[in-house]
Amino acid sequence: MKALHRQQSCELHVHVGGCLYADDLLELGREVYTEVDWSLFVRSYEEAFGVRLDPERLFREGLRSEKGRERFCRHYVYRQEDGGDFGRFQAKFDLLICLYRYWVQHLHREEEVLWRIVERHRREGLDYVEYRAMFPVDDPVRFLHFHRTNARVFQQACTGDFTARYLISLPRGAALAGYELAQQLLAENPELIPSVVGLDFCFFEEGHPPEKLRSFFARLEADNQRRPEQALEVAYHVGEVYFDKSLESAVRWCHQAAQLGARRLGHAIALGLDPEVAMVRRPGAHEAEPVAERLAQIAYDLEQVRELEAFGVEVDRGRLARERLELQGRPSVEMISRPYTPQRLEEVRRRQDFVLDQLVRLGVAIESCPTSNLRIGGVPSPAQHPLWRFLRSEVGVAIGADDPGIFDMSLAAEVDWVAAHAGMDEVALARRLGDPRRFRFGQERPV
Ligand SMILES: [Zn+2]
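The opening position of the sequence shown corresponds to residue 49 in our numbering, with each subsequent residue numbered one higher.
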């Protein structure tokens, strides 16, 4: 057995839709592509890439010739040259959303799409997968139907040598509303409780501070204590795409998500990408942030002076108090700029060390998705990948494929990539990563 077999057979970070490959889409679209409403994809693709596509032609030619198929792949597969930009990624993702919606709303055959995903994972040799998916909360009936169908298929997919579990992704801006519906789903379908083990927050993170979810996390904690047999754990995408704020704030968001109760952080690039690399990714990157973020950072620093200073981060209480007083008189959305100095960048590195250490103490692991970080997360090159920093620390790390279909990758290929670039032999790497199953959700539930 290969040294990294445990890591290559357990997937903890994968989005259902993102598991569809270009060939799956061509197959699913073969009979219906002229009927599908492609407007969402056409609009977002044009916005993101400045090109107006004709999806019917893409499918027609993609199904007819190898050249057409290559063209189809070019417009669907998200590659590094597409640029580390979440909007561009979402535009390509919208192609599968349009097709998937048709299978749900017109054919009522979404189970076939899900089985296609599960079967591929089984063929690849995965034996434990936590799937996650999101649906808008503004249509509760369809929200419930969507997640019920997903959870049922994943439950039915379990066999002696394959286990699938399900996480319901909640919209960051409507977490409590989504959570109520998730609880309703479990109340109406108690047979699904063993399969639905967690909740997830994904999609755009910018504009959604973890702090705003304080009441959601408090409610979840209370419910989990009251009904431990159906406790739900939280996976939280954070520090993935964070150009809208300072590097200190991006590091703080990761810490706060863990403090609030998230059990696994998705990506957390902000904790591992060197600040000097992060800030040169775009002109003026991370220099400006809203007054509200700066005030939140000041409050955070003043709350844990001693802990930060133990990691070499100097906290000048008097200066911060004066800055706070000055900022409190300004509009919270006003943008303020603070240029970086070498000393400030060094302090950000120490803050990263501090938060990685805090994650170890809190028992919170990072789901690191190598290809995703290179293609969406704006990690400029393999050598600069945040994962190397995580591996040098003691933080728990699980390797995930995120959206293997749209990246045209697999979990095994992701782990091979890590082995090829980590600068460690496979046995040492396997030992450092350990068995990712120790981070799976649902283990806290009483048997
Ligand atoms: Zn993800």
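Don't be surprised by glycine CBs; every beta carbon is placed ideally from N, CA and C.
*What residues come near ligand 1, if near means a beta carbon less than 6 Å from any of its heavy atoms?*
61, 63, 250, 285, 314 and 450
*residue 275 versus residue 286: straight-line alpha-carbon distance, rounded*: Position 227 of the sequence shown holds residue 275. Position 238 of the sequence shown holds residue 286. C-alpha separation (whole angstroms): 28 Å.
*Measuring CB to CB, does residue 66 end up less than 8 Å from residue 145?*
Indexing the sequence shown from 1 puts residue 66 at position 18. Indexing the sequence shown from 1 puts residue 145 at position 97. Taking 8 Å as the Cβ cut-off, residue 66 and residue 145 do not qualify as a contacting pair.
*Could you give the DSSP three-state label for residue 472: helix, strand or coil?*
Here residue 472 refers to the residue found at position 424 when the sequence shown is read from its first residue. Residue 472 falls in the coil class under three-state DSSP.
*Compute the Euclidean distance between the alpha carbons of residue 116 and residue 359, then round it to the nearest angstrom.*
Position 68 of the sequence shown, counting from 1, holds the residue named residue 116. Position 311 of the sequence shown, counting from 1, holds the residue named residue 359. If I take the Cα positions, the gap works out to 56 Å.
*Taking the runs of the alpha helix (DSSP H) that are 4 residues or longer, which of them lie wholly in the segment 272-349?*
295-308 and 323-327
*Could you tell me how far apart the beta carbons of residue 458 and residue 470 are, in whole angstroms, since I believe they sit closer than 8 Å?*
As a first step, residue 458 is located in the sequence shown; it is residue number 410 there, counting from the start. As a first step, residue 470 is located in the sequence shown; it is residue number 422 there, counting from the start. With a Cβ gap of about 18 Å, residue 458 and residue 470 do not count as contacting.
*How would you write the range of the beta strand (DSSP E) that residue 441 sits in, first residue to last?*
As a first step, residue 441 is located in the sequence shown; it is residue number 393 there, counting from the start. Here residue 441 belongs to no beta strand (DSSP E), and DSSP marks it neither H nor E.
_Determine whether the beta carbon atoms of residue 55 and residue 447 lie at a separation below 8 Å._
Here the question's residue 55 lines up with position 7 in the sequence shown. Here the question's residue 447 lines up with position 399 in the sequence shown. Contact: yes.
_Supposed close pair residue 361, residue 409 - CB separation, criterion 8 Å_ = Counted from its first residue, the sequence shown places residue 361 at position 313. Counted from its first residue, the sequence shown places residue 409 at position 361. The Cβ separation is near 17 Å, so there is no contact.
*Where residue 211 and residue 177 are concerned, what is the direct C-alpha to C-alpha distance, given to the nearest angstrom?*
Translated into the one-based positions of the sequence shown, residue 211 becomes position 163. Translated into the one-based positions of the sequence shown, residue 177 becomes position 129. About 6 Å.
*Could you tell me the boundaries of the alpha helix (DSSP H) in which residue 92 lies?*
Along the sequence shown, one-based indexing puts residue 92 at 44. 87-97 is the extent of the alpha helix (DSSP H) around residue 92.
_Alpha-carbon to alpha-carbon, residue 193 and residue 159_ = Taking the sequence shown and counting its residues from 1, the one referred to as residue 159 is at position 111. Taking the sequence shown and counting its residues from 1, the one referred to as residue 193 is at position 145. Between residue 159 and residue 193, the C-alpha separation is close to 12 Å.
_Cβ contact check for the segment 177-192 and the segment 216-232: 3 or more pairs under 8 Å_ = yes
*asked:* Tell me the rounded alpha-carbon separation between residue 414 and residue 82.
replied: Position 366 of the sequence shown holds residue 414. Position 34 of the sequence shown holds residue 82. Computed Cα separation, rounded: 42 Å.
*Work out the CA separation of residue 296 and residue 323 for me, nearest whole Å.*
Position 275 of the sequence shown, counting from 1, holds the residue named residue 323. Position 248 of the sequence shown, counting from 1, holds the residue named residue 296. The alpha-carbon atoms of residue 323 and residue 296 are separated by roughly 10 Å.
_Here's the rule I'm using: 16 or more other beta-carbon atoms within 10 Å means buried, otherwise exposed. How should residue 208 be labelled?_
Taking the first residue of the sequence shown as 1, we reach residue 208 at position 160. Exposed, because fewer than 16 other Cβ atoms sit within 10 Å of the Cβ of residue 208.
*Between residue 337 and residue 112, what straight-line distance do the alpha-carbon atoms span, to the nearest angstrom?*
Locating residue 337 in the sequence shown gives position 289, where the first residue counts as 1. Locating residue 112 in the sequence shown gives position 64, where the first residue counts as 1. Roughly 50 Å between the two C-alpha positions.
*For residue 241, does the three-state DSSP call read helix, strand or coil?*
Here residue 241 corresponds to residue number 193 of the sequence shown, with the count starting at 1. Coil.
*With distances taken from CA atoms, which of 327, 453, 87 and 134 is nearest residue 396?*
Numbered from 1 along the sequence shown, position 348 holds the residue referred to as residue 396. Taking only the C-alpha atoms, the option nearest residue 396 is 327.
*Do three or more CB pairs link the segment 380-395 to the segment 86-106 at distances below 8 Å?*
no
_For residue 239, the nearest candidate out of 200, 165, 392 and 230 (CA to CA)_ = Here residue 239 refers to the residue found at position 191 when the sequence shown is read from its first residue. When only C-alpha atoms are compared, the closest one is 200.
_Same chain, Cβ closer than 6 Å to residue 135, neighbours up to 5 away in sequence not counted_ = As a working mapping, residue 135 is identified with position 87 in the sequence shown. Correct list, in chain order: 96.
*What do you get for residue 169, buried or exposed, if any count of 16 or more other CB atoms within 10 angstroms of its CB means buried?*
As a first step, residue 169 is located in the sequence shown; it is residue number 121 there, counting from the start. That one is buried.
*asked:* Less than 8 Å between the C-beta atoms of residue 263 and residue 173, yes or no?
replied: In the sequence shown, counting from the first residue as 1, residue 263 sits at position 215. In the sequence shown, counting from the first residue as 1, residue 173 sits at position 125. No; because the gap between Cβ atoms is not below 8 Å, this pair is not in contact.
*asked:* Could you tell me the alpha carbon to alpha carbon distance between residue 365 and residue 61, rounded to whole angstroms?
replied: The residue given as residue 365 occupies position 317 in the sequence shown. The residue given as residue 61 occupies position 13 in the sequence shown. Each residue's Cα considered, the two are about 40 Å apart.
*Report the rounded CA-to-CA distance for residue 101 versus residue 474, giving the unit in angstroms.*
The sequence position of residue 101 within the sequence shown is 53, counting from 1. The sequence position of residue 474 within the sequence shown is 426, counting from 1. Near 44 Å, if we compare the C-alpha coordinates of residue 474 and residue 101.
*For residue 442, count neighbouring Cβ atoms within 10 angstroms of its own Cβ and tell me buried if that reaches 16, exposed if not.*
Here residue 442 is taken as the residue at index 394 of the sequence shown, counted from 1. Flag for residue 442 reads exposed.
*Beta carbon of residue 143, beta carbon of residue 124: below 8 Å?*
Against the sequence shown, residue 143 aligns to sequence position 95. Against the sequence shown, residue 124 aligns to sequence position 76. Yes, they are a contact pair.
*Would the beta-carbon of residue 254 fall within 8 Å of that of residue 284?*
Along the sequence shown, read from residue 1 onward, the residue named residue 254 stands at position 206. Along the sequence shown, read from residue 1 onward, the residue named residue 284 stands at position 236. No. Outside cutoff.
*Helix, strand or coil: which one does DSSP assign to residue 213?*
Locating residue 213 in the sequence shown gives position 165, where the first residue counts as 1. Note: residue 213 maps to strand in three-state DSSP.
*asked:* Just verifying my parser: in three-state terms, what is the DSSP assignment at residue 414?
replied: Your numbering for residue 414 matches position 366 in the sequence shown. In the structure shown, residue 414 sits in a strand (DSSP, three-state: E or B).
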